[in-house]
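The block underneath contains the structure these notes are about, expressed in structure tokens.
In the working numbering, the protein residues as written are 1435 to 1535.
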């Protein structure tokens, strides 16, 4: 397939996704949403059972904190809600030797 055919195929797929039409092969949009919700629940359950703080943040010293696991309260004394409402710069917990030069 040439670049024109690939672009047309990608555009058609995008149109189907935006229209929430089932893709060829019969998997419905609702089934995909349900599968995603189940996968996210499994991931959250796993993360919340680990004996460490798991977080998701944008890269860089001023990156925004997107998620922090409940274990942060045991480790640093902040609830996840407190941490996310009043975030601390990522660089403040990075050893000086590990900062970019």
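The beta-carbon is built from N, C-alpha and C at its ideal position, and this holds for glycine as well.
Practice task
Tell me whether the beta-carbon of residue 1505 lies closer than 9 Å to the beta-carbon of residue 1484.
Solution key: In the chain shown, residue 1505 corresponds to position 71, counting from 1. In the chain shown, residue 1484 corresponds to position 50, counting from 1. Taking 9 Å as the Cβ cut-off, residue 1505 and residue 1484 qualify as a contacting pair.
Exercise for the section: Can you give me the start and stop residues for the alpha helix (DSSP H) that residue 1481 sits inside? Expected result: For the purposes of this step, residue 1481 is identified with residue 47 of the chain shown, where counting begins at 1. Note, residue 1481: alpha helix (DSSP H), 1463-1483.
Practice task
Report the option in 1482, 1470, 1453 whose CA atom is closest to the CA atom of residue 1507.
Solution key: Sequence index remark: in the chain shown, residue 1507 carries index 73 (1-based). Closest by alpha carbon: 1482.
Problem - With 16 other Cβ atoms within 10 Å as the buried cut-off, status of residue 1461 - result: By 1-based counting over the chain shown, the position of residue 1461 is 27. Label assigned to residue 1461: exposed.
Handout entry: Residue burial classification, residue 1467 (beta-carbon count within 10 angstroms, cutoff 16)
Key = Here residue 1467 refers to the residue found at position 33 of the chain shown. Exposed is the call here.
Problem - DSSP three-state assignment for residue 1533, whether helix, strand or coil - result: Position 99 of the chain shown holds residue 1533. DSSP places residue 1533 in coil when its eight states are reduced to three.
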